[in-house]
Amino acid sequence: MKRQIVINSSPAESRVAILEDGRLSDFYVERAERDRLLGHIIMGRVVKLAPGMQAAFVAIGQDSDGFLPWSDCVPPDQWRGQKNGRGGDARSLLAVDQLFPVQVVKEPIGTKGARLTMQLSLAGRYLVLLPGDSMTGVSRRIKSTTERRRLKGLVKDMLPDGYGLIVRTVAEGHSAQQIQADLDELMERWRGVRGRMERAVQGEIIHREPGMVSHVMRDLFTSDLDEVVCDHRGLWKELRAYMAEVLPDLKDSVKLYGGREPLFDAMGVEEEIEHSIERKVWVKGGGYLIIESTEAMNVIDVNSGRFGRKKTMEDHALRVNLEAAREIGRQLRLRDLGGLIVIDFIDMLKEEHRLRLMQEMRQILKQDRAQTDVAPISRFGLMEMTRERVRPALIHTLHQPCRRCGGTGLVPSRETVLTELDRWIRRFKAATRERRLLISVAPSIHDHLTMGARNMVWRLMWRHFMLIRVRADERLDETEFRCVSPRQGRELTQDFARGVGAQRMTGARPEEEAYDPLAWEEAEDALGEQESPGLRLHRDVDVDMDEDS
Numbered sequence: 000m001k002r003q004i005v006i007n008s009s010p011a012e013s014r015v016a017i018l019e020d021g022r023l024s025d026f027y028v029e030r031a032e033r034d035r036l037l038g039h040i041i042m043g044r045v046v047k048l049a050p051g052m053q054a055a056f057v058a059i060g061q062d063s064d065g066f067l068p069w070s071d072c073v074p075p076d077q078w079r080g081q082k083n084g085r086g087g088d089a090r091s092l093l094a095v096d097q098l099f100p101v102q103v104v105k106e107p108i109g110t111k112g113a114r115l116t117m118q119l120s121l122a123g124r125y126l127v128l129l130p131g132d133s134m135t136g137v138s139r140r141i142k143s144t145t146e147r148r149r150l151k152g153l154v155k156d157m158l159p160d161g162y163g164l165i166v167r168t169v170a171e172g173h174s175a176q177q178i179q180a181d182l183d184e185l186m187e188r189w190r191g192v193r194g195r196m197e198r199a200v201q202g203e204i205i206h207r208e209p210g211m212v213s214h215v216m217r218d219l220f221t222s223d224l225d226e227v228v229c230d231h232r233g234l235w236k237e238l239r240a241y242m243a244e245v246l247p248d249l250k251d252s253v254k255l256y257g258g259r260e261p262l263f264d265a266m267g268v269e270e271e272i273e274h275s276i277e278r279k280v281w282v283k284g285g286g287y288l289i290i291e292s293t294e295a296m297n298v299i300d301v302n303s304g305r306f307g308r309k310k311t312m313e314d315h316a317l318r319v320n321l322e323a324a325r326e327i328g329r330q331l332r333l334r335d336l337g338g339l340i341v342i343d344f345i346d347m348l349k350e351e352h353r354l355r356l357m358q359e360m361r362q363i364l365k366q367d368r369a370q371t372d373v374a375p376i377s378r379f380g381l382m383e384m385t386r387e388r389v390r391p392a393l394i395h396t397l398h399q400p401c402r403r404c405g406g407t408g409l410v411p412s413r414e415t416v417l418t419e420l421d422r423w424i425r426r427f428k429a430a431t432r433e434r435r436l437l438i439s440v441a442p443s444i445h446d447h448l449t450m451g452a453r454n455m456v457w458r459l460m461w462r463h464f465m466l467i468r469v470r471a472d473e474r475l476d477e478t479e480f481r482c483v484s485p486r487q488g489r490e491l492t493q494d495f496a497r498g499v500g501a502q503r504m505t506g507a508r509p510e511e512e513a514y515d516p517l518a519w520e521e522a523e524d525a526l527g528e529q530e531s532p533g534l535r536l537h538r539d540v541d542v543d544m545d546e547d548s
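Residue 0 is where the sequence shown starts when you use numbering that gives the first Met the number 0, and the numbers rise one by one after that.
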């Protein structure tokens with residue numbers, strides 16, 4: 000399998016795409032205006048203890064307070080390199096307004112604050128340093144028993160008193176000298192962090208994890224990498240220098256792109272990114288996936304699409320499900336979906352087919368760097384799984400909720416809007432006893448309301464016994480209307496909006512005046528010719544009533 004890393008760097012953002020056999024498998028975005036918090040060590044202050052949740056809420060200088068489970072609390076002496084073990088009695092360790100350093104293990108997502116821990120760690124190229132711990136471990140991704148034994152023996156000989164070490168996957172095959180150099184650098188970095196702890200104030204960042212590109216260099220530059228392509232000369236020099244130090248045989252695989260066409264366009268990445276956020280994803284063999292995300296979970300529906308006549312329905316379902324499982328594994332990494340995930344595969348009657356699908360899914364998920372856990376297919380044909388979530392999903396990074404639909408993808412129909420308008424008029428008249436109203440709507444709604452001699456405006460006037468004038472406003476869309484009282488000389492839309500309409504009616508906009516008398520006259524001129532003699536009399540009587548009142 001050919002593995003490439005493509006890096007597009009600009010002043011506003013940096014983007015990293017990982018290609019496997021030419022297809023996008025992972026995608027990372029880092030923007031200049033959004034500070035990446037993952038891995039940062041910050042001085043926090045306890046603002047609330049929640050015994051029922053077995054947790055504390057800690058202020059770290061962000062919009063939302065961080066969430067600190069009691070299971071992640073440690074005594075302060077542990078940060079000084081003393082062996083106290085992990086965990087402890089949180090009731091005796093924490094108090095409101097207490098200051099102590101915490102580390103971000105999960106980025107803030109939506110309205111949820113960052114997930115925090117007091118069990119601090121520093122990640123290097125080959126090792127993870129655990130101050131105050133005594134454990135040694137080797138990454139489970141290193142499969143060779145001989146290599147695992149060799150690495151564990153090395154770190155036990157190097158282990159500083161009062162510290163723990165975890166050997167990372169990229170350490171496989173590297174010498175004791177390289178690992179020792181990485182440990183020395185981590186210890187020097189930790190001494191700096193510990194010194195800054197003594198004088199830090201609330202919300203101060205004591206230690207910053209490197210940026211996203213540096214993170215990719217540290218974690219993803221491995222011996223199975225075929226090519227690295229970037230479009231920034233300064234970054235290209237940095238990448239070559241780093242590769243010459245850690246993987247000298249691959250130094251020449253780092254290439255600087257100099258074409259006129261944007262790098263992601265030339266490599267076919269831009270189009271794949273567009274497809275990665277679509278709701279519908281086609282699967283090899285004719286099936287397709289529907290991917291939906293909610294606050295509680297992500298739901299994936301597998302559909303068979305075209306049915307092959309040469310196969311039975313059971314065989315076709317198995318073939319589509321296996322292809323869908325491979326695509327789902329890719330989409331989970333690409334979209335960075337996390338939390339609870341429910342997959343509705345095509346129903347299969349044979350138990351051996353279900354077991355085969357289960358084994359295939361677990362094998363595919365072994366390629367995922369995030370932790371996953373898969374439950375057997377339920378009696379309803381659903382596969383439930385969880386995937387580690389440390390940052391917002393890709394779609395939330397690239398998009399923001401629509402201000403019209405609020406992120407639902409749906410807006411009220413024309414009939415719903417007109418019904419809301421009718422109810423608004425009824426509430427307005429009942430509360431104010433006024434008999435004149437100026438309504439602004441989108442041009443398309445205006446045409447619909449004023450079409451024909453006995454149009455909807457005509458019917459609204461007779462139903463409510465009011466003089467109603469409607470005008471078109473290009474600044475409004477089909478889901479909005481604005482209502483102005485000529486007597487009060489101001490807009491009253493928000494005052495009488497209820498239900499679905501109240502979510503969209505936000506009152507007068509600052510760029511327009513609340514009431515323009517000329518607008519009333521223009522609306523009268525536009526509709527005057529359509530009135531019947533009875534309505535003209537109704538209008539004259541109504542005006543006289545207003546003037547006398």
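A virtual CB, placed ideally from N, CA and C, is assigned to each residue, including glycine.
Because the structure is a prediction, the values reported are computed rather than measured.
Three-state secondary structure (DSSP) at residue i?
i: Val73; result: coil
i: Ser531; result: Legend: pLDDT at Ser531 = 43, less than 50; position of this residue unreliable, value from coordinates given subsequently. Coil at Ser531, not helix or strand.
i: Phe495; result: helix
i: Met266; result: coil
i: Asp300; result: strand
i: Phe66; result: strand
i: Gln366; result: coil
i: Phe220; result: coil
i: Glu350; result: helix
i: Ala513; result: Unreliable positioning characterises Ala513 in this predicted model, as indicated by a pLDDT of 49, which lies under 50. The coordinate reading is nonetheless provided below. In the structure shown, Ala513 sits in coil (DSSP, three-state: anything other than H, G, I, E or B).
i: Ser252; result: helix
i: Leu158; result: coil
i: Ile272; result: helix
i: Leu393; result: helix
Smallest Cα separation from residue i: which of the options?
i: Arg188; options: Val127, Arg147, Leu238 and Leu153; result: Val127
i: Glu477; options: Cys404, Ser484, Asn454 and Ile17; result: Cys404
i: Glu208; options: Gln102, Ala374 and Met242; result: Gln102
i: Arg278; options: Arg402, Trp457, Ala55 and Thr407; result: Thr407
i: Pro50; options: Pro68, Asp62, Ile376 and Leu119; result: Pro68
i: Ile424; options: Arg481, Glu387 and Thr385; result: Arg481
i: Asp62; options: Cys72, Ser70, Leu48 and Leu36; result: Leu36
i: Asn302; options: Gly338, Gly328, Ser133 and Ile342; result: Ile342
i: Glu291; options: Gly285, Gly284 and Val280; result: Val280
i: Lys47; options: Asp230, Ile41 and Phe66; result: Phe66
i: Gly109; options: Val137, Glu269, Leu158 and Gln399; result: Gln399
i: Leu158; options: Asp183, His274 and His447; result: Asp183
i: Leu564; options: Val416, Val456 and Gly172; result: Outside the displayed range of the chain (0 to 548) lies residue 564, so it cannot be described from this structure.
i: Gly152; options: Gln179, Asp346 and Arg140; result: Gln179
i: Pro485; options: Arg458, Arg435, Arg453 and Arg470; result: Arg435
Leaving out five residues on either side along the sequence, give the residues of the same chain with a beta carbon under 7 angstroms from the beta carbon of residue i.
i: Arg332; result: Ser24, Asp25 and Asp367
i: Ala94; result: Val45
i: Leu249; result: Leu224 and Met242
i: Ser443; result: Glu477
i: His206; result: His39, Ile40 and Val192
Identify, in the order they occur along the chain, each residue of the same chain with its Cβ nearer than 6 angstroms to the Cβ of residue i, setting aside the five sequence neighbours on each side.
i: Asp335; result: Ala392 and Leu393
i: Asn297; result: Leu336 and Ile340
i: Arg259; result: none
i: Ser8; result: His231 and Leu234
i: Val212; result: Ser13
Terminal residues of the continuous alpha helix (DSSP H) containing residue i?
i: Asp183; result: Ala175 to Met196
i: Pro442; result: Pro442 to Leu448
i: Asp421; result: Arg413 to Thr431
i: Ala16; result: From DSSP, Ala16 is part of no alpha helix (DSSP H) but of the beta strand (DSSP E) over Glu12 to Glu19.
Quick check: the Cα distance between residue i and residue j, rounded to an integer number of angstroms?
i: Glu146; j: Gly131; result: 27 angstroms
i: Glu530; j: His463; result: Low confidence applies to Glu530: its pLDDT is 47, below 50, so where it sits in the model is not reliable, and the reading given next is rough at best. Rounded to whole angstroms, Glu530 to His463 spans 16 angstroms at the Cα level.
i: Leu437; j: Thr293; result: 40 angstroms
i: Met216; j: Leu255; result: 16 angstroms
i: Gly267; j: Leu317; result: 31 angstroms
i: Trp461; j: Glu326; result: 60 angstroms
i: Ile40; j: Thr371; result: 26 angstroms
i: Ala55; j: Ala122; result: 26 angstroms
i: Arg353; j: Met347; result: 7 angstroms
i: Glu473; j: Glu359; result: 55 angstroms
Considering just the uninterrupted stretch of the beta strand (DSSP E) at residue i, what are its terminal residues?
i: Tyr241; result: No beta strand (DSSP E) contains Tyr241, which is instead part of the alpha helix (DSSP H) from Arg232 to Val245.
i: Met42; result: Ile40 to Ala49
i: Thr371; result: Thr371 to Val373
i: Gln102; result: Leu98 to Lys105
i: Gly3; result: Just to set this straight, residue 3 is Gln in the shown sequence, not Gly. Looking at the DSSP string, the run of the beta strand (DSSP E) that includes Gln3 is Arg2 to Ser8.
State yes or no: is the beta carbon of residue i nearer than 9 angstroms to at least one beta carbon in chain B?
i: Gly51; result: Going by chain labels, chain B is absent from the structure shown, which holds only one protein chain.
Once you ignore the five residues that flank residue i on each side, which residues in its own chain have a CB closer than 8 angstroms to its CB?
i: Glu12; result: Val28, Glu29, Arg30 and Ala31
i: Gly87; result: For Gly87, the predicted model reports a pLDDT of 48, less than 50, meaning its position is unreliable; a value from the coordinates is still stated below. So the list reads Cys72, Val73 and Pro74, once near-sequence residues are dropped.
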